[in-house]
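The working numbering runs 1 ahead of the 1-based position in the sequence shown.
Comments concern the structure below.
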Amino acid sequence: MAPRGSICGLHLVCLFAIATSFWANASMDVWVTNSNGGDRLSKKASLSPTGSSNGFHINVDRNKRYQFISGFGAALTNAAAYTLFHSPRRDQIMEDLFGSSGISMSYLRLPMGGTDFQGVQPYTYDDLPSWQHNDFHMDQFSIQKDRDFIIPILKQALKINPSLRIIATPWSAPAWMKTTNSLFGGEFHHGNNYQQAYALYFVKFIQAYQSEGISIDAICLQNEPKHSDNSYPTMKLSWEAERDIIKNYLGPAFNQHSINTKIIIYDHNWDDTGYAGNILSDGGAAQYIRGSAWHCYGGRHDTCGGFHNQHPDKDIYFTECSGGDWAPGFNVVWGVRILSIGQTRNWAIVVLNPRNDRDQTFYIDIDGQHYQYTLPRESVATFVYRN
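Structure follows, in structure tokens:
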């Protein structure tokens, strides 16, 4: 399928390779991964058509189409980029992550400045000395610190996979834009001058990265805008403020500067559809918005399906998850069931990976043929159909 605008982007701790269907002679290839590490994308014997039998069947209708796919991938945090850049096995790891002989990641989430995973001290692109109180015209804007190791890693990834796409998200605006005057915790300042400056911040970021030969496919205005934590870069951004920034400043600025980067809203948990819904109910803002982004730390994994039904013209992006109380028994099986499959069934992407707590025999029915497979317990399988 031709790519359009949906993403299943997984944090590094729950990263999976997804195979794409293609056609040759009638057969089905199989790769298996299990929780105990015995199989890690292990190639198994190919399947040939077999007679149908009673039992569990998975019916694949190739004539029925849902959303198009933009990619699968992970977050390139500051710490991840730092580790990759300084690794003696950097080239091999990069090939494993982005190359055709590896897992071929096709989409990256790029934090704009500091996060909770840092290789150096957190920063933004417009940090000011203590005596300077604001920089509404972004005269001090610079991505120089990204050039130390983040941009080199991105350029290497793009050289390996030129089709790689990037969604960028800040964990915090520059401290002078916040009520606390700190990157850690606090809220975005009220006032049109701050909103206009924040829109300019994104424009300059996209332009600066473009000058490095790196295109930004999409941006979110704020990672987890309902969350504030004084121990790492975070910022609360109300839905009203996000709406107004997009409606009055960011959307028009993108048009003015001929920027095609997609604007994605929310970027927080499944348990609050009102934040994104309220923004999209304003036509002045909605005209500039391509979709909404979601995390796994609260709510049901099928939330996005209902949200898509209310806003069918907007794409769904799944952008973050990691282990915790919200993910009981978090492992490769849970990740595939809830994220890779759970999100694709709710308009993020589509892939076939059955979940099982015991050995299970099932049949895949496609094009009038039946393929039998027995999957070991606590394993997931990726199938590539050739016809």
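We put the beta carbon where it would ideally sit given N, CA and C, even for glycine.
According to the Cβ coordinates, are I168 and D218 closer than 8 Å?
Residue mapping note: residue 168 aligns to position 167 of the sequence shown, counting from 1. Residue mapping note: residue 218 aligns to position 217 of the sequence shown, counting from 1. Yes. Within cutoff.
For A242 versus F189, is the C-beta distance shorter than 8 Å?
Indexing the sequence shown from 1 puts residue 242 at position 241. Indexing the sequence shown from 1 puts residue 189 at position 188. For A242 and F189, yes; Cβs fall inside 8 Å.
For S71 and H58, the rounded distance between their alpha carbons
If you number the sequence shown from 1, residue 58 lands on position 57. If you number the sequence shown from 1, residue 71 lands on position 70. The straight-line gap from Cα to Cα measures roughly 29 Å.
Is K263 buried or exposed, if buried means 16 or more other CB atoms sit within 10 Å of its CB?
In the sequence shown, counting from the first residue as 1, residue 263 sits at position 262. Buried, since its Cβ has 16 or more Cβ neighbours within 10 Å.
I'd like to know whether the C-beta atoms of G115 and W172 end up nearer to each other than 8 Å.
The sequence position of residue 115 within the sequence shown is 114, counting from 1. The sequence position of residue 172 within the sequence shown is 171, counting from 1. Against a cut-off of 8 Å, the Cβ pair of W172 and G115 comes out as a contact.
Judging by CA-CA distance, which residue of T320, F185 and I365 is the nearest neighbour of L111?
Taking the sequence shown and counting its residues from 1, the one referred to as residue 111 is at position 110. Measuring from the Cα of L111, the nearest candidate turns out to be T320.
For K156, would you say it is in contact with chain D, using Cβ-to-Cβ distances shorter than 8 Å as the test?
In the structure shown, chain D does not exist; there is a single protein chain.
Comparing C-alpha positions only, which one of N60, G306 and D230 sits nearest to T181?
Stepping through the sequence shown from its first residue, residue 181 is reached at position 180. Of N60, G306 and D230, the smallest CA-CA separation from T181 is found for D230.
Starting from W240, trace the alpha helix (DSSP H) both ways and give me its first and last residue.
Working through the sequence shown from its first residue, we reach residue 240 at position 239. Following the DSSP letters along the chain, one finds W240 inside the alpha helix (DSSP H) bounded by residues W240 to I246.
Return yes when the Cβ of F86 is within less than 8 Å of the Cβ of P153, no when it is not.
By one-based count along the sequence shown, residue 153 stands at place 152. By one-based count along the sequence shown, residue 86 stands at place 85. Taking 8 Å as the cut-off, the beta carbon of P153 is found closer than this to the beta carbon of F86.
Considering only their Cβ atoms, is the gap separating S282 from I265 smaller than 8 Å?
Translated into positions along the sequence shown, residue 265 becomes position 264. Translated into positions along the sequence shown, residue 282 becomes position 281. For I265 and S282, no; Cβs fall outside 8 Å.
When you compare only the Cα positions, how much space is there between Q370 and S47?
Walking along the sequence shown from the start, residue 370 turns up at place 369. Walking along the sequence shown from the start, residue 47 turns up at place 46. The alpha-carbon of Q370 is positioned some 15 Å away from that of S47.
Tell me whether V121 is buried or exposed, calling it buried when 16 or more other Cβ atoms sit within 10 Å of its Cβ.
Residue mapping note: residue 121 aligns to position 120 of the sequence shown, counting from 1. Exposed: under 16 other Cβ atoms inside 10 Å.
Among all the DSSP beta bridges, which residues are the ones paired with L111?
Within the sequence shown, the letter at position 110 stands for residue 111. L111 is bridged to A169.
Which residues in the same chain have their Cβ closer than 7 Å to the Cβ of S49, if we skip the five residues on either side of it in sequence?
On the sequence shown, position 48 is the one that residue 49 refers to. Within the same chain, S28 come within 7 Å of S49 by CB-CB distance, once the 5 residues on both sides are set aside.
Nearest-angstrom Cα distance between F69 and D316?
Counting from one through the sequence shown, the residue named residue 69 turns up at place 68. Counting from one through the sequence shown, the residue named residue 316 turns up at place 315. Approximately 10 Å, taken between the alpha carbons.
N- and C-terminal bounds of the beta strand (DSSP E) containing I144
Here the question's residue 144 lines up with position 143 in the sequence shown. From DSSP, I144 is part of no beta strand (DSSP E); its letter is neither H nor E.
Distance between L184 and M236 (C-alpha atoms, nearest Å)
For the purposes of this step, residue 236 is identified with residue 235 of the sequence shown, where counting begins at 1. For the purposes of this step, residue 184 is identified with residue 183 of the sequence shown, where counting begins at 1. Whole-angstrom Cα-Cα distance: 8 Å.
With 16 other CB atoms within 10 Å as the buried threshold, where does F137 fall?
The residue labelled residue 137 in the question sits at position 136 within the sequence shown. The residue in question, F137, is exposed, as its Cβ has fewer than 16 Cβ neighbours within 10 Å.
Determine the contact status of G103 and K156, defining contact as a CB-CB distance below 8 Å.
As a first step, residue 103 must be located in the sequence shown, where it is residue number 102. As a first step, residue 156 must be located in the sequence shown, where it is residue number 155. It is not a contact, given that the beta carbons lie outside the stated cut-off.
Can the beta-carbon of D402 be found less than 8 Å from the beta-carbon of Q196?
Nothing can be reported for residue 402: it is not among the residues displayed for the chain, which extend from 2 to 388.
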